Every structure is written in C-alpha cells, then in structure tokens.
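Written below as structure tokens is the structure these notes are about.
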Amino acid sequence: MLGTKVSFLPGRSPLEADVVRQIFAIAQAEGVKAYLVGGAVRDAVLAAQSLTDIGQTPKSLKGEAGALDFDFSVLADAAIKDPAISLARIVAEKLDGHFVLLDQLNDIARVVLMPIVDSAPSIYIDFAGCVGGSLELDILRRDFTVNAMVIDPDFADQVIDLTGGLEDLQNKIIRAVSEDVLIDDPLRVLRAYRFAAYLGAEIEPITRGYLKQHAKLLGQVARERISYEFFTLMNCQKVAHLVVEMGQIGLLEEIYPELKDCRKVTANSFHHLALFDHSVETIPQLEKRFEALPDWVQQSANLPLAPGVTRLAATKIAALLHDIGKPDTWEITPEGRHTFIGHDKLGAEMIRPLAEREKWSKTMTRFVERLVLWHLRPGHLFHTGAPTPKALNRFYRTVGAEVPELMILAFADFGATCGAGLAAERDRLEQCLVELMNGYPTYIEASKKLPKLMDGADVMRILGVKPGPIIGEILNSLTEAQEIKEVVNVAQAEAFVRSYKAPENQ
Numbered sequence: 045m046l047g048t049k050v051s052f053l054p055g056r057s058p059l060e061a062d063v064v065r066q067i068f069a070i071a072q073a074e075g076v077k078a079y080l081v082g083g084a085v086r087d088a089v090l091a092a093q094s095l096t097d098i099g100q101t102p103k104s105l106k107g108e109a110g111a112l113d114f115d116f117s118v119l120a121d122a123a124i125k126d127p128a129i130s131l132a133r134i135v136a137e138k139l140d141g142h143f144v145l146l147d148q149l150n151d152i153a154r155v156v157l158m159p160i161v162d163s164a165p166s167i168y169i170d171f172a173g174c175v176g177g178s179l180e181l182d183i184l185r186r187d188f189t190v191n192a193m194v195i196d197p198d199f200a201d202q203v204i205d206l207t208g209g210l211e212d213l214q215n216k217i218i219r220a221v222s223e224d225v226l227i228d229d230p231l232r233v234l235r236a237y238r239f240a241a242y243l244g245a246e247i248e249p250i251t252r253g254y255l256k257q258h259a260k261l262l263g264q265v266a267r268e269r270i271s272y273e274f275f276t277l278m279n280c281q282k283v284a285h286l287v288v289e290m291g292q293i294g295l296l297e298e299i300y301p302e303l304k305d306c307r308k309v310t311a312n313s314f315h316h317l318a319l320f321d322h323s324v325e326t327i328p329q330l331e332k333r334f335e336a337l338p339d340w341v342q343q344s345a346n347l348p349l350a351p352g353v354t355r356l357a358a359t360k361i362a363a364l365l366h367d368i369g370k371p372d373t374w375e376i377t378p379e380g381r382h383t384f385i386g387h388d389k390l391g392a393e394m395i396r397p398l399a400e401r402e403k404w405s406k407t408m409t410r411f412v413e414r415l416v417l418w419h420l421r422p423g424h425l426f427h428t429g430a431p432t433p434k435a436l437n438r439f440y441r442t443v444g445a446e447v448p449e450l451m452i453l454a455f456a457d458f459g460a461t462c463g464a465g466l467a468a469e470r471d472r473l474e475q476c477l478v479e480l481m482n483g484y485p486t487y488i489e490a491s492k493k494l495p496k497l498m499d500g501a502d503v504m505r506i507l508g509v510k511p512g513p514i515i516g517e518i519l520n521s522l523t524e525a526q527e528i529k530e531v532v533n534v535a536q537a538e539a540f541v542r543s544y545k546a547p548e549n550q
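The sequence shown begins at 45 in my numbering and counts up one residue at a time.
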C-alpha cells in the first residue's frame with residue numbers, strides 16, 4: 045500500500061525506538077505483519093510538520109506516569125487464530141514483559157514493560173487484530189483522521205493515510221473517520237474534545253453535528269473510562285471553549301448527571317446567568333484569571349493530585365460541580381429573592397456518591413468534596429466587613445493545603461457572578477479576595493515560628509481525660525490563642541487548657 049513520504053526529525057521517528065524495532069522483528073519471525081498505528085504516529089508526524097523538535101516527548105508517547113505508549117495492528121493469515129493476542133504473548137515472553145488480555149473476542153491484548161531503573165519510563169504496548177482482516181478496513185474503524193495514520197515497517201519513511209489525517213493534523217482539525225465509529229464506541233464523543241484540547245485543534249462542523257447527535261450514548265460507557273478521558277481533557281491548559289461547547293450539546297450532563305437539574309434554576313439578582321450556564325462559565329473565568337495569580341498558587345495547582353489528574357484539573361471539575369446542591373435548596377421568597385440555604389453542605393454530600401460511581405480515588409474525592417463544601421467561605425468572611433485576625437487564621441488553618449485551589453475557585457465563581465445586585469460591592473469584594481489570598485504565605489511563615497507549648501499528652505494529664513476528639517479541639521483552640529498572642533508561654537497555655545469548657549460527656 046502506497047504511503048506519503050514524511051521527513052521525521054532525528055530522534056522523533058517512533059521506528060527509532062528499540063522496542064518498536066524489536067516488535068517488528070518478532071512479528072516477522074512469527075510470520076505475521078505488525079503495523080504501527082495511533083498516537084505514536086500522529087505525534088511523530090506533528091513534530092515533522094512543525095519542522096522543529098519541540099524539545100519534549102509527545103504526550104501520547106509519555107503517559108500520566110511518564111509511560112511510553114505504542115499501538116500495533118496485527119495482520120496474519122486467516123489460519124492463525126487471534127494473531128494479536130498470540131504476538132503479544134510472545135513479545136511479553138521475549139522482552140520480559142507482563143501480558144494483559146484486554147478483549148479475547150476482538151483479539152486485543154497489552155504488554156507492559158517495566159523500567160529497569162527508576163528514572164526510565166514504563167512502556168505500554170497494545171496489540172489488536174486488524175478489523176475485517178485487512179489494513180484498509182482496520183484504518184476505517186479508527187476514531188479520528190489524525191489517529192488513523194499507519195507506518196509499515198517495510199517503508200519506514202512513509203505514512204499510510206487513507207482518511208486525510210496528514211492534512212487535518214497540519215490544519216489542526218478533528219474529524220471523525222465516520223459517524224459509525226462514534227456509535228461503535230461512544231467514548232469517542234468525549235475523546236474528540238480531549239484531542240481538540242491536546243492538539244489545539246478545532247472540531248469540524250460535520251463531526252460536531254455527530255457529537256451533538258450521539259452525546260447521550262456516552263451513558264453506555266463504563267464510568268472509569270469516562271473519568272479517565274475527562275481527567276485527561278481537564279489536565280490540558282486551555283479547555284474553556286471546549287467545555288462550553290460540551291455544555292451546549294448536552295455532553296456535560298452525561299458525564300455528571302447531577303448537572304441536569306442545574307438547568308432548572310434561573311438567573312437572579314446576583315447571578316446574571318442561569319445556574320447551569322453559571323457553572324460552565326466558571327471554567328472560562330478560571331482560565332482567564334489563572335495566569336495572573338501568584339506563582340505559589342500556580343505551582344500548587346500544577347502539582348499532581350492523584351494518578352492521572354492535577355490539582356488544577358480537579359479544581360476545574362470542582363468548579364463545574366460547586367453548585368450541584370442548589371436545585372434542591374432553591375426557594376424564592378415573597379419578595380422575589382432567590383435563596384439556596386445549605387447548598388454548600390448538600391453539594392459536598394452529593395460528591396461522595398458521585399465519586400463512587402465515577403470510580404474516583406479517595407484523594408480526588410476528598411479534594412473536590414472539600415472545595416465544594418468551602419466554596420462560600422472566602423466570600424462570607426467579608427460579608428459584614430473586615431474579618432478579625434482570629435477568623436482569618438481559622439480560615440487558613442481549616443482549609444490548609446487547599447487554600448491555593450479554593451482561592452482559584454473563589455475567583456472563578458466570583459467572575460461568573462455578575463448580577464446587578466452585586467454591582468455596588470463588586471470592586472470591594474474582589475479586593476477582599478486578593479487580600480485573603482495574599483495573606484496565606486504570611487500566615488504560613490508565622491505558623492512556623494509558633495512554639496509548641498502543649499501536646500495531646502499534656503492536655504490529657506492536665507484535664508485527666510482519655511484520648512478523644514476533645515484533645516484535638518483543645519489543641520486547635522490553643523493554637524488560635526497563640527496566633528493572636530493571647531497565650532505566649534507554657535504557664536498561660538496550662539491555664540488556657542484548665543479553663544477550657546469540655547463537653548459533659550467527656
């Protein structure tokens with residue numbers, strides 16, 4: 045099959061990878077034909093089209109944990125049963141890898157090569173039998189044209205491109221190979237947006253129509269697959285315009301059904317947008333404001349939170365979900381005022397079952413739960429004027445390591461709230477949020493200098509009580525007293541503890 049000649053940059057051709065050469069050699073020795081397909085080909089072509097080495101491993105070749113990913117389509121004589129699975133077993137044996145059977149019925153398997161040294165990446169190699177018994181049919185069942193390019197090892201400087209992927213990649217266009225590929229695997233509806241974010245590409249109009257038409261099919265997909273794709277999308281730097289579009293076609297509600305009822309809540313004097321649109325608007329506001337935030341905030345947000353998701357990506361997800369408690373707490377007073385009393389607590393309670401359904405990690409669940417629970421706190425601190433030093437310290441101490449991300453959410457929420465009822469106070473509240481954010485590093489430095497006057501054992505000895513929650517309560521109160529200099533030495537600390545009013549059941 046004829047291909048298009050591509051001048052791969054030195055060190056950027058996937059065929060230069062030792063493992064790829066080894067697999068081609070093993071396949072040839074076993075009498076089967078292996079073709080390199082998918083993201084490895086796409087990103088090598090992308091580097092060649094840019095005419096310069098971008099200086100980093102393409103993301104498709106470098107997974108969330110620094111892993112390398114390669115995909116092979118395997119073609120063999122009809123007499124050979126399950127050629128891809130068979131080849132994967134042999135590769136695993138010869139390269140000392142781990143064999144993983146993914147799909148017996150469709151002849152799909154994976155080999156995982158673990159690093160010899162800690163600094164080296166793991167390598168994930170997927171093998172799939174050619175659909176329909178031919179390379180042409182196999183190409184036509186792939187998701188998007190930019191992912192449907194193939195390298196034949198016999199023609200190492202050529203790319204087989206039957207769907208226009210080379211041109212679409214050059215022009216930064218995401219185009220479905222066909223409508224049927226989206227129906228066959230509805231996760232591809234979400235993947236279209238993930239690839240658009242990763243490549244900085246636009247989804248072409250016909251494909252966008254397919255996505256809108258088939259968005260509801262996403263509900264058929266395993267939730268952990270959806271979570272992985274959405275996390276990967278939200279890890280990208282610029283996703284706001286794509287999230288807005290996903291909201292427009294009804295895809296966000298398929299990812300998080302809790303958002304459906306948010307469409308029922310109308311705009312009001314404080315919110316110029318209806319609730320669903322307000323929730324979506326937090327993402328453009330977050331991205332708009334993020335780059336102007338202090339370095340320490342950005343550095344915290346860009347850290348990994350859990351496998352496959354950064355703290356910033358999780359904050360974006362929390363922003364989408366921060367008001368899911370509002371529909372069930374929505375009331376309109378006789379004066380026409382909209383109230384949502386307790387929506388922060390209800391929203392936080394809704395996160396746990398959502399997280400269990402979506403197969404989130406415990407770390408991810410706790411992080412989003414806390415941001416949703418606390419999202420009103422920054423604004424509430426300033427509702428009745430300047431907060432006391434004690435109130436500020438309590439905020440910093442309670443929120444702790446999530447202060448940077450809670451402030452990111454607060455700015456995004458505030459930016460998406462532009463009702464007339466807030467206009468008079470807008471500048472003041474904005475400045476209050478800035479001051480609250482900027483005060484955190486000062487608080488941290490001051491906390492490091494506080495002497496430890498008492499520990500839990502001291503408290504139990506002084507009060508004659510047994511271990512329990514009351515001990516932590518007392519120590520927190522003692523820290524508060526130290527922070528505002530009500531207690532400065534051991535004698536004062538002991539007097540403070542003795543005067544503490546313990547609950548009767550202690």
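Ideal placement from N, C-alpha and C gives every residue a C-beta, glycine not left out. Computed from a predicted model, the values in this text were never measured in an experiment.
Neighbour-count burial assignment, residue i, 16 or more Cβ in a 10 Å radius
i, result
"residue 313", "exposed"
"residue 57", "buried"
"residue 83", "buried"
"residue 181", "exposed"
"residue 276", "buried"
"residue 142", "exposed"
"residue 320", "buried"
"residue 344", "buried"
"residue 527", "buried"
"residue 127", "buried"
"residue 451", "buried"
"residue 75", "exposed"
"residue 437", "buried"
"residue 132", "buried"
"residue 386", "exposed"
Separation of residue j from residue i, as counted between CA atoms
i, j, result
"residue 62", "residue 139", "11 Å"
"residue 497", "residue 490", "15 Å"
"residue 93", "residue 48", "13 Å"
"residue 256", "residue 351", "30 Å"
"residue 407", "residue 195", "40 Å"
"residue 305", "residue 394", "13 Å"
"residue 54", "residue 64", "16 Å"
"residue 249", "residue 282", "20 Å"
"residue 88", "residue 211", "14 Å"
"residue 396", "residue 60", "46 Å"
"residue 533", "residue 503", "15 Å"
"residue 207", "residue 219", "9 Å"
"residue 505", "residue 521", "17 Å"
"residue 486", "residue 157", "47 Å"
"residue 333", "residue 449", "13 Å"
"residue 247", "residue 198", "33 Å"
"residue 429", "residue 238", "44 Å"
Residues that residue i bridges to, as DSSP identifies them
i, result
"residue 142", "156"
"residue 117", "79 and 172"
"residue 382", "376"
"residue 501", "The partner list for residue 501 (beta bridge, DSSP) is empty, contrary to what the question assumes."
"residue 348", "354"
"residue 220", "188"
"residue 112", "167"
"residue 48", "203"
"residue 250", "The partner list for residue 250 (beta bridge, DSSP) is empty, contrary to what the question assumes."
"residue 195", "80"
Close beta carbons around residue i, own chain, < 7 Å, minus the five adjacent residues each side
i, result
"residue 287", "324 and 327"
"residue 264", "230"
"residue 201", "49 and 50"
"residue 535", "none"
"residue 259", "233, 293, 294, 295 and 298"
Same chain, Cβ closer than 6 Å to residue i, five either side skipped, listed in chain order
i, result
"residue 205", "48 and 193"
"residue 101", "Note on residue 101: pLDDT 34, under 50, position unreliable in the model; no value is reported."
"residue 183", "192 and 206"
"residue 531", "525, 537 and 540"
Supposed close pair residue i, residue j - CB separation, criterion 8 Å
i, j, result
"residue 77", "residue 71", "7 Å"
"residue 173", "residue 189", "22 Å between Cβ atoms; not a contact."
"residue 369", "residue 388", "7 Å"
"residue 293", "residue 270", "Not confirmed; about 15 Å, so no contact."
"residue 185", "residue 233", "Actually they do not touch by this definition, with Cβ atoms about 16 Å apart."
"residue 135", "residue 169", "7 Å"
"residue 477", "residue 455", "6 Å"
Own chain partners of residue i with C-beta closer than 8 Å, once the 5 adjacent residues on each side are dropped
i, result
"residue 262", "230, 231, 233, 234, 270, 295, 298 and 299"
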